[in-house]
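A.B. asks: First to last, the protein sequences are chains A and B.
Position 67, counted from 1, in the first sequence is what my numbering calls 67; the numbers after and before it change by one each time, with no gaps.
Position 176, counted from 1, in the second sequence is what my numbering calls 176; the numbers after and before it change by one each time, with no gaps.
Just so it is clear, CB atoms sit at the ideal spot from N, CA and C, and this is done for glycine as well.
Dropping a structure here in structure tokens format, bear with me for questions.
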Amino acid sequence: MTVGEVFHKVCYTHMPDDERGPFLARSLQHLQENIRRSGPAAAAGYTLIGAIILLGGIGYAVDAWRGTSPWFLLLGLLVGLIVGFYELAKTVWHR
Amino acid sequence: MAFQEHAAEVAEGAAEKFNAGATIIEHVSNSSHDHPLVHLPTIAGIDFSVTKHVLMLWLVAGAVLLLVSLAVRKFLKQDRLVPSGFMNALEAVVEYVRDSIVLPNVGTKWVNTWTPYILTLFLFILGANAVGLLPIFDVLGLLNHWVLHPSDESFLSRVVHGGSTATANFNVTAALASLTFGAIIVAGTKAHGFVKHWVNLVPKGLAAPIYIILIPIEIMGMFVRPFALTMRLAANMTGGHIAILSLLSFVFLFAEMFGRAAAGIGIGIMAVPMASLLSGLEVIVVLVQAYVFSLLTAVFIGMAIHVHH
Numbered sequence: 001m002t003v004g005e006v007f008h009k010v011c012y013t014h015m016p017d018d019e020r021g022p023f024l025a026r027s028l029q030h031l032q033e034n035i036r037r038s039g040p041a042a043a044a045g046y047t048l049i050g051a052i053i054l055l056g057g058i059g060y061a062v063d064a065w066r067g068t069s070p071w072f073l074l075l076g077l078l079v080g081l082i083v084g085f086y087e088l089a090k091t092v093w094h095r
Numbered sequence: 001m002a003f004q005e006h007a008a009e010v011a012e013g014a015a016e017k018f019n020a021g022a023t024i025i026e027h028v029s030n031s032s033h034d035h036p037l038v039h040l041p042t043i044a045g046i047d048f049s050v051t052k053h054v055l056m057l058w059l060v061a062g063a064v065l066l067l068v069s070l071a072v073r074k075f076l077k078q079d080r081l082v083p084s085g086f087m088n089a090l091e092a093v094v095e096y097v098r099d100s101i102v103l104p105n106v107g108t109k110w111v112n113t114w115t116p117y118i119l120t121l122f123l124f125i126l127g128a129n130a131v132g133l134l135p136i137f138d139v140l141g142l143l144n145h146w147v148l149h150p151s152d153e154s155f156l157s158r159v160v161h162g163g164s165t166a167t168a169n170f171n172v173t174a175a176l177a178s179l180t181f182g183a184i185i186v187a188g189t190k191a192h193g194f195v196k197h198w199v200n201l202v203p204k205g206l207a208a209p210i211y212i213i214l215i216p217i218e219i220m221g222m223f224v225r226p227f228a229l230t231m232r233l234a235a236n237m238t239g240g241h242i243a244i245l246s247l248l249s250f251v252f253l254f255a256e257m258f259g260r261a262a263a264g265i266g267i268g269i270m271a272v273p274m275a276s277l278l279s280g281l282e283v284i285v286v287l288v289q290a291y292v293f294s295l296l297t298a299v300f301i302g303m304a305i306h307v308h309h
């Protein structure tokens with residue numbers, strides 16, 4: 001079997017119990033569906049990381065400014081964790 | 001023998017010159033503020049001089065505006081309803097953004113309100129990311145070095161310094177995320193009214209002391225979302241370029257370490273194909289990052305419109 005034949009078979013063979021379209025088109029559809037559904041989860045994940053980095057960063061900056069290392073950094077990280085997980089919990093429990 | 005010693009000496013001299021870190025940073029960061037491309041006056045403490053990234057912003061914005069509006073105008077003038085060529089591709093992108101990004105997140109009622117904004121973001125970010133991959137300025141630099149020999153102060157000499165991906169600059173992505181920050185508030189206000197939008201931020205029907213904790217958390221969450229957008233896009237665009245450049249700088253590092261060109265060529269046989277593969281990966285990253293920024297914007301706008309409490 002040549003490469004061309006394999007390609008043709010992969011692209012245009014219909015699955016036996018499903019006539020919605022060629023194999024590749026269907027996997028692309030499912031991929032899109034999965035990406036679409038993962039949108040809120042991705043948002044929550046980025047918010048979690050973003051909250052920790054932003055508030056930790058603000059804490060670090062305050063420490064550097066006032067010379068109070070490490071207390072504001074720790075406070076910032078703690079508040080960042082709380083905000084991040086709060087946003088995550090909102091996404092998980094409301095959908 | 002004498003020749004080899006001389007070669008080693010030359011290589012040692014070069015070793016002092018090649019600084020991988022500084023070279024890579026120079027290729028991904030903005031051009032120097034002290035030597036801007038176009039001098040403009042300082043107004044209200046803000047220096048309006050045009051640096052490399054600002055120039056790239058203008059180029060990309062101009063190119064996207066021209067390409068899209070020309071294609072659409074041409075399509076509106078023609079008699080056939082079936083688009084062809086570039087317009088066909090553009091229509092596929094518009095439809096994809098509307099049906100796969102905006103519609104599932106903001107719902108049928110608001111889809112036509114928010115598609116134009118998110119589509120603009122998508123096309124602009126895609127354009128800026130993609131232009132960063134084109135080696136326009138590297139070709140200009142080569143021309144500069146081998147053919148033209150202009151003075152250091154000429155526009156051409158200054159334009160080859162600095163990275164060409166505007167979206168790899170945190171200020172650019174912060175501006176884009178600020179637009180989204182505003183869009184979230186506008187979306188909530190349009191859907192529920194100004195006061196109701198802010199009331200919607202916190203869940204209803206909880207004991208009064210909990211609100212003392214919840215309200216600050218929600219306000220911080222409001223700022224964290226655009227911050228996450230800012231960091232994500234800029235870091236992803238910078239990261240890919242740094243990975244490619246570090247692989248390529250192996251060639252020079254090895255040539256210096258062993259004092260001969262053969263070592264550089266040897267590692268280059270490995271490093272250059274890997275860098276090429278990474279460039280291929282970058283093409284995907286360019287698309288995915290534009291997609292993710294638009295998707296997250298749509299998700300956040302959708303969250304302001306459909307409040308689940």
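#1: Just to confirm, are B/A71 and B/F86 a CB contact at a threshold of 9 Å?
#2: Hey, how far is the Cα of B/N169 from the Cα of B/R80?
#3: For the alpha helix (DSSP H) containing B/N112, list its first residue and its last residue.
#4: Can B/P226 and B/A174 be called in contact, C-beta distance under 9 Å?
#5: Would you mind telling me which residues of chain B sit closer than 8 Å to A/G76, beta carbon to beta carbon, in chain order?
#6: Output, in chain order, the set of chain A residues within a Cβ distance shorter than 9 Å of B/A231.
#7: What are the complete alpha helix (DSSP H) segments, minimum 4 residues, inside the stretch 159-204 of chain B?
#8: Suppose only complete runs of 4+ residues qualify. What are the alpha helix (DSSP H) ranges in the stretch 9-91 of chain B, listed by chain order?
#9: Regarding A/G84 and the ligand SAM, is the C-beta to nearest heavy atom distance less than 8 Å?
#10: Listing by chain order, which chain A residues have their CB less than 9 Å from the CB of B/P209?
#11: Relative to the C-alpha of B/K52, which residue among B/T167, B/V199, B/F194 and B/I101 is closest?
#12: Could you tell me whether the Cβ of B/M237 comes closer than 9 Å to any Cβ of chain A?
#13: Helix, strand or coil for B/F254? Go by DSSP, reduced to three states.
#14: Any beta carbon of chain B sitting closer than 9 Å to that of A/G39?
#15: Around the Cβ of A/S87, are there at least 16 other Cβ atoms within 10 angstroms (buried) or fewer (exposed)?
#16: Identify, in the order they occur along the chain, each residue of the same chain with its Cβ nearer than 6 Å to the Cβ of B/A15, setting aside the five sequence neighbours on each side.
#17: At a Cβ threshold of 9 Å, is A/G84 touching chain B?
#18: Within 9 Å of any Cβ in chain B, is that where the Cβ of A/R36 sits?
#19: For the alpha helix (DSSP H) containing A/H30, list its first residue and its last residue.
#20: According to DSSP, is B/A2 part of a helix, a strand, or is it coil?
#21: Report yes or no: is there a C-beta of chain A within less than 9 Å of the C-beta of B/F281?
#22: Using a Cβ-Cβ cut-off of less than 7 Å, give me the residues of the stretch 89-119 of chain B that come near chain A, in sequence order.
#23: Roughly how far, in whole angstroms, is the beta-carbon of B/I184 from the beta-carbon of B/F300, given that I think they are within contact range, below 8 Å?
#24: Hey, does B/A228 have any beta-carbon neighbour from chain E nearer than 9 Å?
#25: Are A/G76 and A/G57 closer than 9 Å when you measure CB to CB?
#26: Nearest CA to the CA of B/F155: which residue from B/T165, B/W146, B/L140 and B/G163?
#27: Who are the Cβ neighbours of B/V202 in its own chain at under 7 Å, not counting the five residues just before and after it?
#28: So, is B/W114 buried or exposed, given that buried needs 16 or more other C-beta atoms within 10 angstroms?
#29: From the beta carbon of A/A42, is the nearest beta carbon of chain B less than 9 Å away?
#30: Inspect the beta-carbon positions of A/V83 and B/V224 and report whether they are closer than 9 Å.
#31: Skipping 5 residues on each side, what residues in its chain have a beta carbon closer than 7 Å to that of B/L121?
#32: Assess contact between the stretch 99-111 of chain B and the stretch 130-139 of chain B, defined as three or more Cβ pairs (one per stretch) separated by less than 8 Å. Is contact present?
#33: Buried or exposed: which applies to B/A128, given that a residue is buried once 16 or more other Cβ atoms fall within 10 Å of its Cβ?
#34: State the DSSP-derived secondary structure class of B/R225, mapped to helix, strand or coil.
#35: How many whole angstroms separate the CB atoms of B/R158 and B/L37, which I take to be in contact at a CB cut-off of 8 Å?
#36: Whose C-alpha, out of B/S49, B/L229 and B/L65, is nearest the C-alpha of B/A290?
C.D. replies: So, to answer that:
#1: Yes.
#2: Distance between the alpha carbons of B/N169 and B/R80: 43 Å.
#3: Per DSSP, B/N112 belongs to the alpha helix (DSSP H) from V111 to L133.
#4: Yes, they are a contact pair.
#5: Scanning chain B for C-beta atoms nearer than 8 Å to the C-beta of A/G76 yields nothing, as the closest lies near 11 Å away.
#6: Sequence check: residue 231 of chain B is Met here, not Ala. Residues of chain A passing the Cβ test: Y46, I49, G50, I53 and L54.
#7: List check, alpha helix (DSSP H) in window: 170-192 and 194-200.
#8: Qualifying alpha helix (DSSP H) stretches, in chain order: 20-28 and 52-77.
#9: This structure does not include the ligand SAM; it has no bound ligands of any sort.
#10: Residues of chain A whose Cβ lies closer than 9 Å to the Cβ of B/P209 do not exist; the shortest such Cβ separation is about 16 Å.
#11: Among B/T167, B/V199, B/F194 and B/I101, the Cα nearest to that of B/K52 is on B/T167.
#12: So, not an interface residue.
#13: Three-state result, B/F254: helix.
#14: Answer yes: the Cβ-Cβ gap between A/G39 and chain B drops below 9 Å somewhere.
#15: The sequence shown places Glu at residue 87 of chain A, rather than the Ser named in the question. By the C-beta density criterion, A/E87 is buried, having at least 16 other C-beta atoms within 10 angstroms.
#16: Reliability of the predicted coordinates at B/A15 is poor, the pLDDT of 47 falling under 50, and the value obtained from them is presented with this limitation in mind. For B/A15, where only same-chain residues beyond five positions count, the Cβ hits under 6 Å are E256.
#17: Yes, because at least one Cβ of chain B sits closer than 9 Å to the Cβ of A/G84.
#18: At least one chain B Cβ lies under 9 Å of A/R36.
#19: In the DSSP assignment, A/H30 falls within the alpha helix (DSSP H) that extends over F23 to R66.
#20: The predicted position of B/A2 is uncertain, since its pLDDT is 48 and thus under 50; a value taken from the coordinates is nonetheless stated next. In the three-state reduction of the DSSP assignment, B/A2 falls in the helix class.
#21: The sequence as given places Leu at residue 281 of chain B; Phe does not occur at that position. Not an interface residue.
#22: Along the stretch 89-119 of chain B, going in chain order, the ones with a CB nearer than 7 Å to a CB of chain A are S100, P104 and N105.
#23: In this structure, B/I184 and B/F300 form a Cβ contact; the two beta carbons are roughly 5 Å apart against a cut-off of 8 Å.
#24: Of the protein chains in the structure, A and B, none is chain E.
#25: Yes. Within cutoff.
#26: Distance from the Cα of B/F155 is smallest, within the candidate group B/T165, B/W146, B/L140 and B/G163, for B/L140.
#27: Y211, L214, I215 and E218, listed in sequence order.
#28: Around the C-beta of B/W114, 16 or more other C-beta atoms lie within 10 Å, and the residue is accordingly described as buried.
#29: Taking Cβ atoms only, chain B reaches closer than 9 Å to A/A42, which makes this a yes.
#30: Contact flag set, yes.
#31: Excluding positions up to five away in sequence, the list reads L176, F293, S294 and T297.
#32: Cβ pair count under 8 Å is below three, so no.
#33: Looking at its Cβ environment, which holds 16 or more other Cβ atoms inside 10 Å, B/A128 is buried.
#34: Note: B/R225 maps to helix in three-state DSSP.
#35: Going by Cβ atoms, the distance from B/R158 to B/L37 rounds to 6 Å, so yes, they are a contact pair.
#36: Measuring from the Cα of B/A290, the nearest candidate turns out to be B/L229.
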